[in-house]
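Engineer: Just dropping this structure here.
In mature numbering (1 follows the signal peptide of the UniProt record, and there is no 0), the protein residues as written are -22 to -1, 1 to 403.
In C-alpha coordinates, the structure reads:
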(Lines of atoms letter the chains of each structure in order from A and count residues from 1; the text may use other names and numbers.)
(Lines give C-alpha, C1' and ligand atoms only; values in the text may rest on other atoms or scores of the structure.)
Protein backbone atom coordinates (compact mmCIF):
# COMPACT_ATOMS: atom_id res chain seq x y z
CA UNK A 1 0.00 0.00 0.00
CA UNK A 2 1.46 3.38 -1.00
CA UNK A 3 2.27 5.74 1.82
CA UNK A 4 1.35 9.33 1.07
CA UNK A 5 2.97 12.41 2.60
CA UNK A 6 0.57 15.32 2.42
CA UNK A 7 1.90 18.87 2.46
CA UNK A 8 -0.65 21.64 2.91
CA UNK A 9 0.22 24.37 0.45
CA UNK A 10 -0.95 27.54 2.10
CA UNK A 11 -3.19 29.80 0.07
CA UNK A 12 -0.51 32.45 0.29
CA UNK A 13 1.94 29.93 -1.19
CA UNK A 14 -0.40 29.37 -4.10
CA UNK A 15 -0.89 33.09 -4.57
CA UNK A 16 2.86 33.53 -4.29
CA UNK A 17 3.64 30.80 -6.80
CA UNK A 18 1.04 31.63 -9.39
CA UNK A 19 -0.86 34.84 -8.87
CA UNK A 20 1.39 37.30 -7.07
CA UNK A 21 1.88 40.66 -8.70
CA UNK A 22 3.84 42.23 -5.85
CA UNK A 23 6.77 44.40 -6.84
CA UNK A 24 9.53 42.21 -5.47
CA UNK A 25 7.72 38.88 -5.54
CA UNK A 26 8.86 38.08 -2.00
CA UNK A 27 5.84 35.86 -1.37
CA UNK A 28 6.66 33.86 -4.48
CA UNK A 29 10.25 33.39 -3.31
CA UNK A 30 9.06 32.35 0.16
CA UNK A 31 6.68 29.86 -1.42
CA UNK A 32 9.44 28.30 -3.50
CA UNK A 33 11.67 28.24 -0.42
CA UNK A 34 9.09 26.38 1.65
CA UNK A 35 8.47 23.89 -1.17
CA UNK A 36 12.21 23.17 -1.36
CA UNK A 37 12.46 22.74 2.39
CA UNK A 38 9.58 20.31 2.39
CA UNK A 39 10.85 18.24 -0.52
CA UNK A 40 14.42 17.95 0.69
CA UNK A 41 13.98 17.02 4.32
CA UNK A 42 11.42 15.17 6.31
CA UNK A 43 9.05 17.68 7.85
CA UNK A 44 8.95 15.70 11.11
CA UNK A 45 10.56 17.45 14.07
CA UNK A 46 13.47 15.72 15.85
CA UNK A 47 12.45 12.99 18.28
CA UNK A 48 13.78 12.33 21.77
CA UNK A 49 16.60 10.11 20.53
CA UNK A 50 17.60 12.32 17.62
CA UNK A 51 21.25 12.86 16.79
CA UNK A 52 21.72 16.63 16.79
CA UNK A 53 25.02 17.67 15.21
CA UNK A 54 26.44 21.20 15.68
CA UNK A 55 27.38 23.61 12.91
CA UNK A 56 31.09 24.31 12.35
CA UNK A 57 32.05 27.42 10.40
CA UNK A 58 35.16 27.14 8.22
CA UNK A 59 37.39 29.67 9.95
CA UNK A 60 39.99 30.25 7.23
CA UNK A 61 37.44 30.44 4.43
CA UNK A 62 36.80 34.20 4.35
CA UNK A 63 40.47 35.03 3.69
CA UNK A 64 40.31 32.69 0.67
CA UNK A 65 37.14 34.36 -0.59
CA UNK A 66 35.25 31.11 0.01
CA UNK A 67 32.07 32.73 1.26
CA UNK A 68 28.28 32.46 1.12
CA UNK A 69 26.29 34.83 -1.08
CA UNK A 70 26.37 37.50 1.65
CA UNK A 71 30.09 37.14 2.45
CA UNK A 72 29.71 35.04 5.62
CA UNK A 73 31.86 31.90 6.09
CA UNK A 74 30.46 28.56 4.91
CA UNK A 75 29.78 25.72 7.33
CA UNK A 76 29.33 22.01 7.84
CA UNK A 77 28.19 19.48 10.43
CA UNK A 78 30.50 16.56 11.30
CA UNK A 79 29.66 13.52 13.38
CA UNK A 80 32.74 11.39 14.00
CA UNK A 81 32.89 7.76 12.99
CA UNK A 82 33.66 4.94 15.37
CA UNK A 83 34.82 1.34 15.40
CA UNK A 84 35.29 -0.17 11.96
CA UNK A 85 34.07 3.07 10.35
CA UNK A 86 36.67 5.36 11.93
CA UNK A 87 38.58 5.78 8.68
CA UNK A 88 35.58 5.97 6.36
CA UNK A 89 34.04 9.27 5.27
CA UNK A 90 30.63 10.24 3.89
CA UNK A 91 30.16 13.78 2.60
CA UNK A 92 26.55 14.85 2.02
CA UNK A 93 26.13 18.02 -0.06
CA UNK A 94 23.04 19.96 0.95
CA UNK A 95 20.50 20.88 -1.72
CA UNK A 96 18.27 23.91 -2.09
CA UNK A 97 17.65 24.96 -5.68
CA UNK A 98 19.55 27.79 -7.39
CA UNK A 99 19.42 31.56 -7.66
CA UNK A 100 19.52 32.75 -11.25
CA UNK A 101 19.21 36.52 -11.03
CA UNK A 102 20.10 39.40 -8.73
CA UNK A 103 16.65 39.48 -7.11
CA UNK A 104 16.60 35.80 -6.13
CA UNK A 105 20.23 35.83 -4.99
CA UNK A 106 19.68 38.95 -2.86
CA UNK A 107 16.63 37.25 -1.31
CA UNK A 108 18.81 34.27 -0.39
CA UNK A 109 21.09 36.53 1.66
CA UNK A 110 18.23 36.70 4.18
CA UNK A 111 18.00 32.88 4.48
CA UNK A 112 20.17 29.90 5.36
CA UNK A 113 20.56 29.29 1.62
CA UNK A 114 22.67 32.41 1.25
CA UNK A 115 24.12 33.18 4.67
CA UNK A 116 25.58 31.17 7.53
CA UNK A 117 24.04 33.77 9.88
CA UNK A 118 20.69 32.04 9.30
CA UNK A 119 21.85 28.43 9.35
CA UNK A 120 20.56 26.18 12.13
CA UNK A 121 23.19 25.87 14.87
CA UNK A 122 22.53 22.14 14.97
CA UNK A 123 20.68 19.75 12.70
CA UNK A 124 19.18 16.30 12.97
CA UNK A 125 21.19 13.54 11.24
CA UNK A 126 18.80 10.96 9.77
CA UNK A 127 18.75 8.41 6.97
CA UNK A 128 22.17 8.07 5.36
CA UNK A 129 23.53 10.39 8.09
CA UNK A 130 22.15 8.36 11.04
CA UNK A 131 24.56 6.83 13.57
CA UNK A 132 22.29 3.86 14.28
CA UNK A 133 22.80 0.53 12.50
CA UNK A 134 19.06 -0.13 12.52
CA UNK A 135 18.49 3.12 10.57
CA UNK A 136 21.59 3.16 8.36
CA UNK A 137 23.08 -0.35 8.11
CA UNK A 138 26.22 0.36 6.07
CA UNK A 139 27.33 3.90 6.92
CA UNK A 140 26.18 4.41 10.52
CA UNK A 141 29.69 4.31 12.02
CA UNK A 142 31.44 6.36 9.34
CA UNK A 143 32.55 9.97 9.73
CA UNK A 144 29.43 11.66 8.37
CA UNK A 145 29.47 15.25 7.15
CA UNK A 146 26.76 17.55 5.88
CA UNK A 147 28.20 20.45 3.90
CA UNK A 148 25.81 23.40 3.95
CA UNK A 149 24.72 25.02 0.70
CA UNK A 150 24.82 28.81 0.57
CA UNK A 151 26.11 29.76 -2.89
CA UNK A 152 23.06 29.09 -5.06
CA UNK A 153 24.96 27.39 -7.92
CA UNK A 154 25.59 23.80 -6.78
CA UNK A 155 29.04 24.66 -5.36
CA UNK A 156 30.23 25.64 -8.85
CA UNK A 157 30.18 29.44 -9.24
CA UNK A 158 33.08 31.90 -9.37
CA UNK A 159 32.46 35.64 -9.42
CA UNK A 160 30.77 38.49 -7.61
CA UNK A 161 28.38 41.39 -8.08
CA UNK A 162 29.81 44.49 -6.43
CA UNK A 163 26.70 46.66 -6.70
CA UNK A 164 24.58 44.20 -4.71
CA UNK A 165 27.37 42.81 -2.52
CA UNK A 166 26.82 39.29 -3.81
CA UNK A 167 29.56 36.68 -3.77
CA UNK A 168 29.31 33.76 -6.18
CA UNK A 169 31.93 31.51 -4.64
CA UNK A 170 30.56 27.98 -4.75
CA UNK A 171 33.71 26.44 -6.22
CA UNK A 172 35.87 28.11 -3.55
CA UNK A 173 33.49 26.85 -0.83
CA UNK A 174 33.89 23.32 -2.19
CA UNK A 175 37.70 23.64 -2.18
CA UNK A 176 37.90 25.21 1.30
CA UNK A 177 35.58 22.57 2.75
CA UNK A 178 37.56 19.70 1.25
CA UNK A 179 40.81 21.24 2.53
CA UNK A 180 39.36 21.55 6.04
CA UNK A 181 37.96 18.01 6.08
CA UNK A 182 41.20 16.53 4.76
CA UNK A 183 42.99 18.27 7.64
CA UNK A 184 40.42 16.86 10.09
CA UNK A 185 41.27 13.29 9.13
CA UNK A 186 39.71 12.65 5.73
CA UNK A 187 43.17 12.45 4.16
CA UNK A 188 43.56 9.10 5.94
CA UNK A 189 40.29 7.72 4.61
CA UNK A 190 40.29 4.09 3.53
CA UNK A 191 36.98 4.65 1.75
CA UNK A 192 34.87 7.70 0.95
CA UNK A 193 31.45 8.43 -0.52
CA UNK A 194 30.43 11.83 -1.87
CA UNK A 195 26.65 12.18 -1.87
CA UNK A 196 24.12 14.95 -2.16
CA UNK A 197 20.43 15.64 -2.62
CA UNK A 198 18.74 17.81 -5.25
CA UNK A 199 21.04 20.76 -6.11
CA UNK A 200 23.54 18.88 -3.93
CA UNK A 201 22.94 15.80 -6.06
CA UNK A 202 23.88 17.83 -9.12
CA UNK A 203 26.93 19.06 -7.18
CA UNK A 204 28.02 15.49 -6.41
CA UNK A 205 27.94 14.81 -10.18
CA UNK A 206 29.88 18.01 -10.96
CA UNK A 207 32.53 17.36 -8.29
CA UNK A 208 32.72 13.56 -8.31
CA UNK A 209 36.01 13.19 -10.18
CA UNK A 210 37.51 16.14 -8.26
CA UNK A 211 36.61 14.34 -5.03
CA UNK A 212 38.22 11.12 -6.23
CA UNK A 213 41.40 13.02 -7.14
CA UNK A 214 41.82 14.23 -3.54
CA UNK A 215 42.75 10.70 -2.47
CA UNK A 216 45.48 8.18 -3.24
CA UNK A 217 44.61 5.60 -5.90
CA UNK A 218 44.29 2.93 -3.18
CA UNK A 219 41.35 4.70 -1.48
CA UNK A 220 37.91 3.35 -2.43
CA UNK A 221 35.96 6.40 -3.61
CA UNK A 222 32.46 6.52 -5.08
CA UNK A 223 29.68 9.10 -5.54
CA UNK A 224 25.92 9.12 -5.02
CA UNK A 225 23.49 11.57 -6.59
CA UNK A 226 20.07 11.64 -4.92
CA UNK A 227 17.36 13.49 -6.88
CA UNK A 228 20.08 15.20 -8.92
CA UNK A 229 19.00 13.98 -12.35
CA UNK A 230 17.52 17.26 -13.55
CA UNK A 231 16.44 16.89 -17.17
CA UNK A 232 16.53 19.37 -20.02
CA UNK A 233 12.80 18.86 -20.45
CA UNK A 234 9.96 20.69 -22.18
CA UNK A 235 7.19 22.09 -19.98
CA UNK A 236 3.45 21.68 -20.58
CA UNK A 237 3.39 24.84 -22.71
CA UNK A 238 6.34 23.78 -24.86
CA UNK A 239 8.86 26.02 -23.10
CA UNK A 240 12.17 25.15 -21.45
CA UNK A 241 11.82 26.41 -17.88
CA UNK A 242 14.85 24.65 -16.44
CA UNK A 243 17.13 25.35 -19.41
CA UNK A 244 16.27 29.04 -19.13
CA UNK A 245 17.00 29.00 -15.41
CA UNK A 246 20.25 27.04 -15.76
CA UNK A 247 21.42 29.40 -18.50
CA UNK A 248 20.92 32.33 -16.15
CA UNK A 249 22.67 30.56 -13.24
CA UNK A 250 25.68 29.66 -15.39
CA UNK A 251 25.99 33.19 -16.78
CA UNK A 252 25.30 35.13 -13.57
CA UNK A 253 27.49 33.01 -11.32
CA UNK A 254 30.42 32.36 -13.68
CA UNK A 255 29.94 28.61 -13.61
CA UNK A 256 31.33 27.91 -17.09
CA UNK A 257 35.00 27.76 -16.06
CA UNK A 258 34.22 25.08 -13.46
CA UNK A 259 32.28 22.73 -15.74
CA UNK A 260 33.96 19.53 -17.01
CA UNK A 261 35.87 20.23 -20.23
CA UNK A 262 34.89 16.78 -21.50
CA UNK A 263 31.49 18.45 -21.95
CA UNK A 264 32.27 22.11 -22.66
CA UNK A 265 34.59 21.13 -25.52
CA UNK A 266 31.54 19.71 -27.30
CA UNK A 267 28.46 21.54 -25.95
CA UNK A 268 27.35 24.96 -24.73
CA UNK A 269 27.90 25.73 -21.01
CA UNK A 270 24.19 25.54 -20.12
CA UNK A 271 23.96 22.02 -21.55
CA UNK A 272 26.98 21.10 -19.42
CA UNK A 273 25.10 22.00 -16.22
CA UNK A 274 22.60 19.24 -17.04
CA UNK A 275 23.54 15.82 -15.59
CA UNK A 276 22.34 13.99 -18.71
CA UNK A 277 25.34 15.49 -20.56
CA UNK A 278 27.82 14.69 -17.77
CA UNK A 279 27.13 11.30 -16.20
CA UNK A 280 28.43 9.14 -19.06
CA UNK A 281 31.88 10.78 -18.81
CA UNK A 282 32.43 10.54 -15.04
CA UNK A 283 35.43 8.28 -14.36
CA UNK A 284 34.53 7.57 -10.73
CA UNK A 285 31.85 4.97 -9.86
CA UNK A 286 28.51 6.78 -9.48
CA UNK A 287 25.07 5.78 -8.20
CA UNK A 288 21.95 7.58 -9.42
CA UNK A 289 19.04 7.51 -6.98
CA UNK A 290 15.99 9.23 -8.44
CA UNK A 291 12.22 9.14 -8.47
CA UNK A 292 11.11 8.71 -12.09
CA UNK A 293 8.39 11.32 -11.47
CA UNK A 294 10.60 13.66 -9.49
CA UNK A 295 8.29 15.88 -7.43
CA UNK A 296 10.39 19.04 -7.74
CA UNK A 297 10.72 18.71 -11.50
CA UNK A 298 6.99 18.06 -11.90
CA UNK A 299 6.25 21.24 -9.91
CA UNK A 300 8.96 23.60 -11.07
CA UNK A 301 10.19 22.38 -14.46
CA UNK A 302 7.32 20.51 -16.15
CA UNK A 303 4.30 22.38 -14.76
CA UNK A 304 5.49 25.77 -13.51
CA UNK A 305 2.65 28.21 -12.95
CA UNK A 306 3.97 30.38 -15.78
CA UNK A 307 3.29 27.50 -18.22
CA UNK A 308 -0.20 26.85 -16.82
CA UNK A 309 -1.84 30.30 -16.58
CA UNK A 310 -5.39 28.90 -16.58
CA UNK A 311 -4.65 26.25 -13.95
CA UNK A 312 -5.72 23.30 -16.09
CA UNK A 313 -2.81 21.26 -14.69
CA UNK A 314 -3.14 22.42 -11.09
CA UNK A 315 -5.07 19.42 -9.76
CA UNK A 316 -2.73 16.96 -11.48
CA UNK A 317 0.34 18.86 -10.29
CA UNK A 318 -0.77 18.75 -6.66
CA UNK A 319 -1.95 15.14 -6.64
CA UNK A 320 -1.03 12.75 -9.46
CA UNK A 321 -4.16 10.67 -8.81
CA UNK A 322 -6.08 13.62 -10.29
CA UNK A 323 -4.23 13.53 -13.63
CA UNK A 324 -6.27 12.63 -16.69
CA UNK A 325 -4.92 10.15 -19.25
CA UNK A 326 -3.33 12.85 -21.44
CA UNK A 327 -1.61 14.43 -18.44
CA UNK A 328 -0.41 11.07 -17.18
CA UNK A 329 1.05 10.28 -20.60
CA UNK A 330 3.02 13.55 -20.41
CA UNK A 331 4.49 12.36 -17.08
CA UNK A 332 5.20 8.90 -18.54
CA UNK A 333 7.07 10.60 -21.37
CA UNK A 334 9.18 12.40 -18.77
CA UNK A 335 10.06 9.05 -17.17
CA UNK A 336 11.03 7.71 -20.60
CA UNK A 337 13.24 10.75 -21.15
CA UNK A 338 14.98 10.03 -17.84
CA UNK A 339 15.58 6.40 -18.75
CA UNK A 340 16.99 7.44 -22.14
CA UNK A 341 19.25 10.00 -20.45
CA UNK A 342 20.89 7.34 -18.27
CA UNK A 343 21.12 4.66 -20.94
CA UNK A 344 24.88 4.95 -21.62
CA UNK A 345 25.64 5.54 -17.93
CA UNK A 346 23.77 2.37 -16.95
CA UNK A 347 25.87 0.16 -19.21
CA UNK A 348 29.02 0.69 -17.12
CA UNK A 349 29.64 -2.11 -14.61
CA UNK A 350 30.95 0.30 -11.96
CA UNK A 351 27.80 2.44 -11.86
CA UNK A 352 24.58 1.85 -9.91
CA UNK A 353 20.93 2.83 -10.32
CA UNK A 354 17.75 3.02 -8.27
CA UNK A 355 15.02 4.69 -10.32
CA UNK A 356 11.69 4.13 -8.59
CA UNK A 357 8.32 5.05 -10.05
CA UNK A 358 7.35 7.42 -7.27
CA UNK A 359 6.33 11.06 -6.94
CA UNK A 360 9.12 11.92 -4.51
CA UNK A 361 12.32 13.94 -4.17
CA UNK A 362 15.43 13.31 -2.05
CA UNK A 363 15.19 9.81 -0.58
CA UNK A 364 18.59 9.31 1.13
CA UNK A 365 18.27 11.64 4.13
CA UNK A 366 14.65 10.92 4.96
CA UNK A 367 14.47 7.96 7.31
CA UNK A 368 11.15 6.74 5.96
CA UNK A 369 12.49 6.45 2.40
CA UNK A 370 16.09 5.40 3.22
CA UNK A 371 15.58 2.43 5.54
CA UNK A 372 12.43 1.48 7.40
CA UNK A 373 10.14 -1.56 7.42
CA UNK A 374 7.83 0.03 4.88
CA UNK A 375 10.36 2.10 2.93
CA UNK A 376 10.25 2.10 -0.89
CA UNK A 377 11.65 -0.96 -2.59
CA UNK A 378 12.53 -2.28 -6.00
CA UNK A 379 12.68 -6.06 -6.15
CA UNK A 380 12.09 -6.11 -2.38
CA UNK A 381 15.32 -4.19 -1.76
CA UNK A 382 15.31 -0.84 0.08
CA UNK A 383 17.31 2.20 -1.02
CA UNK A 384 19.86 1.83 1.81
CA UNK A 385 20.53 -1.83 0.99
CA UNK A 386 20.81 -1.06 -2.73
CA UNK A 387 23.35 1.73 -2.16
CA UNK A 388 25.32 -0.44 0.30
CA UNK A 389 25.36 -3.45 -2.05
CA UNK A 390 26.73 -1.22 -4.80
CA UNK A 391 29.30 0.63 -2.69
CA UNK A 392 30.77 -2.52 -1.16
CA UNK A 393 30.55 -4.48 -4.43
CA UNK A 394 28.32 -7.11 -2.84
CA UNK A 395 26.23 -7.21 -5.97
CA UNK A 396 25.54 -5.10 -9.06
CA UNK A 397 22.57 -2.76 -8.62
CA UNK A 398 20.72 -1.59 -11.72
CA UNK A 399 17.23 -1.21 -10.30
CA UNK A 400 14.70 0.42 -12.64
CA UNK A 401 11.07 0.23 -11.57
CA UNK A 402 8.17 -0.57 -13.86
CA UNK A 403 6.09 2.49 -14.78
CA UNK A 404 3.44 4.10 -12.54
CA UNK A 405 1.14 2.82 -11.07
CA UNK A 406 2.84 -0.54 -10.53
CA UNK A 407 4.90 0.30 -7.40
CA UNK A 408 2.94 -0.08 -4.16
CA UNK A 409 5.89 0.80 -1.87
CA UNK A 410 6.18 4.49 -2.81
CA UNK A 411 6.03 7.30 -0.27
CA UNK A 412 4.38 9.73 -2.66
CA UNK A 413 4.15 13.46 -2.06
CA UNK A 414 0.70 15.00 -2.38
CA UNK A 415 -0.04 18.72 -2.03
CA UNK A 416 -3.28 20.08 -0.61
CA UNK A 417 -4.50 23.63 -0.60
CA UNK A 418 -5.16 25.16 2.79
CA UNK A 419 -5.50 28.54 4.43
CA UNK A 420 -2.67 29.63 6.68
CA UNK A 421 -3.05 32.69 8.88
CA UNK A 422 -0.51 35.45 8.63
CA UNK A 423 -0.13 35.68 4.85
CA UNK A 424 0.57 39.25 3.81
CA UNK A 425 0.50 40.73 0.32
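Beta carbons are placed, not taken as given, at the ideal position from N, Cα and C, and that holds for glycine.
Here the structure is a predicted model, which means the values were calculated and not measured.
Would you please state the rounded distance, in angstroms, between the beta carbons of residue 280 and residue 312? I believe it to be under 8 Å.
Structural biologist: Yes, they are in contact, since the Cβ atoms of residue 280 and residue 312 sit about 6 Å apart, within 8 Å.
Engineer: Per DSSP, which residues does residue 52 bridge with? Please list them.
Structural biologist: According to DSSP, which records beta bridges pairwise, residue 52 is partnered with nothing at all.
Engineer: Taking DSSP as the reference, what is the three-state secondary structure of residue 300?
Structural biologist: Here residue 300 sits in helix by DSSP.
Engineer: May I have a chain-ordered list of the alpha helix (DSSP H) segments no shorter than 4 residues that lie completely inside the stretch 160 to 221?
Structural biologist: Within the stretch 160 to 221, the complete alpha helix (DSSP H) runs of at least 4 residues are 177 to 191.
Engineer: Cα separation between residue 391 and residue 50?
Structural biologist: Taking the straight line from one Cα to the other gives about 34 Å.
Engineer: Measuring alpha carbon to alpha carbon, tell me which of 243, 308, 201 and 7 ends up nearest residue 68.
Structural biologist: The shortest Cα separation from residue 68 among 243, 308, 201 and 7 belongs to 201.
Engineer: Given a cut-off of 7 Å, decide if residue 344 and residue 105 are closer than it, judged by their beta-carbon atoms.
Structural biologist: Cβ atoms of residue 105 and residue 344: closer than 7 Å.
Engineer: Start and end of the alpha helix (DSSP H) containing residue 366?
Structural biologist: It spans 361 to 369 - the alpha helix (DSSP H) in which residue 366 sits, taken as one unbroken run.
Engineer: Assign residue 389 to one of three DSSP states: helix, strand, or coil.
Structural biologist: Three-state DSSP puts residue 389 in a strand.
Engineer: Sort out for me which residues DSSP pairs residue 145 with in a bridge.
Structural biologist: Paired residue(s): 138.
Engineer: Would you give the residue range spanned by the beta strand (DSSP E) that residue 376 belongs to?
Structural biologist: Looking at the DSSP string, the run of the beta strand (DSSP E) that includes residue 376 is 376 to 378.
Engineer: DSSP on residue 87, reduced to helix/strand/coil?
Structural biologist: Residue state, collapsed to three classes: coil.
Engineer: Which whole-angstrom value describes the C-beta separation of residue 286 and residue 228, a residue pair presumed to lie in contact below a C-beta threshold of 8 Å?
Structural biologist: Going by Cβ atoms, the distance from residue 286 to residue 228 rounds to 26 Å, so no, they are not a contact pair.
Engineer: Should residue 337 go down as buried or exposed, given a rule of 16 or more other Cβ atoms within 10 Å for buried?
Structural biologist: Looking at its Cβ environment, which holds 16 or more other Cβ atoms inside 10 Å, residue 337 is buried.
Engineer: Does the distance between the C-beta of residue 292 and the nearest non-hydrogen atom of the ligand SAH fall short of 6 Å?
Structural biologist: Among the ligands in the structure shown, none appear at all, so the ligand SAH cannot be discussed.
Engineer: Three-state secondary structure (DSSP) at residue 334?
Structural biologist: Here residue 334 sits in strand by DSSP.
Engineer: Evaluate the contact criterion for the stretch 156 to 167 versus the stretch 250 to 266: three or more CB pairs, one atom per stretch, below 8 Å.
Structural biologist: In short, these stretches do not touch, since the Cβ pair count stays below three.
Engineer: List the residues that DSSP assigns as beta-bridge partners of residue 265.
Structural biologist: In DSSP, residue 265 forms a bridge with 202 and 330.
Engineer: Have a look at 121, 144 and 258 and flag the residue whose alpha-carbon is nearest the alpha-carbon of residue 187.
Structural biologist: Considering only alpha carbons, the answer is 258.
Engineer: Assuming residue 411 contacts residue 297 (C-beta within less than 8 Å), just tell me the rounded distance between them.
Structural biologist: This structure cannot speak to residue 411, because the chain is shown only from -22 to 403.
Engineer: With residue 315 and residue 211 assumed to form a contact (beta carbons below 8 Å), what rounded beta-carbon distance in angstroms separates them?
Structural biologist: At roughly 6 Å, the Cβ-Cβ gap stays under 8 Å, so residue 315 and residue 211 are in contact.
Engineer: Strictly by DSSP, which residues pair up with residue 57?
Structural biologist: Paired residues: 122.
Engineer: Take residue 101 as the anchor and find which of 85, 117, 55 and 131 has the nearest alpha-carbon.
Structural biologist: If we check each option's Cα against that of residue 101, 55 comes out closest.
Engineer: With C-beta atoms as the reference, is residue 130 less than 7 Å away from residue 46?
Structural biologist: The answer is no: Cβ separation not under 7 Å.
Engineer: For the alpha helix (DSSP H) that residue 34 lies in, which residues bound it at each end?
Structural biologist: No alpha helix (DSSP H) contains residue 34, which is instead part of the beta strand (DSSP E) from 30 to 35.
Engineer: Under DSSP, the beta strand (DSSP E) around residue 12 begins and ends at which residues?
Structural biologist: That residue, residue 12, is in no beta strand (DSSP E); its alpha helix (DSSP H) goes 4 to 18.
Engineer: Spatial neighbours of residue 295 within its chain, please: C-beta separation below 7 Å, excluding the five flanking residues on both sides.
Structural biologist: Excluding positions up to five away in sequence, the list reads 276, 277 and 281.
Engineer: Go through its chain and collect everything with a Cβ distance to residue 33's Cβ below 8 Å, but skip five positions before and after it.
Structural biologist: Hits under 8 Å: 53, 54, 55, 94, 97, 98, 99, 100, 101 and 126.
Engineer: Examine the Cβ distances between the stretch 113 to 124 and the stretch 365 to 373 and report whether three or more of them are shorter than 8 Å.
Structural biologist: Contact between the stretch 113 to 124 and the stretch 365 to 373 is present, because at least three Cβ pairs lie under 8 Å.
Engineer: Once you ignore the five residues that flank residue 154 on each side, which residues in its own chain have a CB closer than 6 Å to its CB?
Structural biologist: Taken in chain order, the residues that qualify are 36, 39, 42 and 44.
Engineer: Measuring straight from C-alpha to C-alpha, what distance separates residue 180 and residue 132?
Structural biologist: Going from the Cα of residue 180 to the Cα of residue 132 covers about 7 Å.
Engineer: Can you list, in chain order, the residues of its chain with a C-beta nearer than 7 Å to that of residue 111? Leave out the 5 residues immediately preceding and following it.
Structural biologist: Here the set comprises 118.
Engineer: Per DSSP, what are the beta-bridge partners of residue -19 in this structure?
Structural biologist: Answer is 390.
Engineer: Nearest CA to the CA of residue 223: which residue from 323, 357, 371 and 79?
Structural biologist: The shortest C-alpha separation from residue 223 is found at 79.
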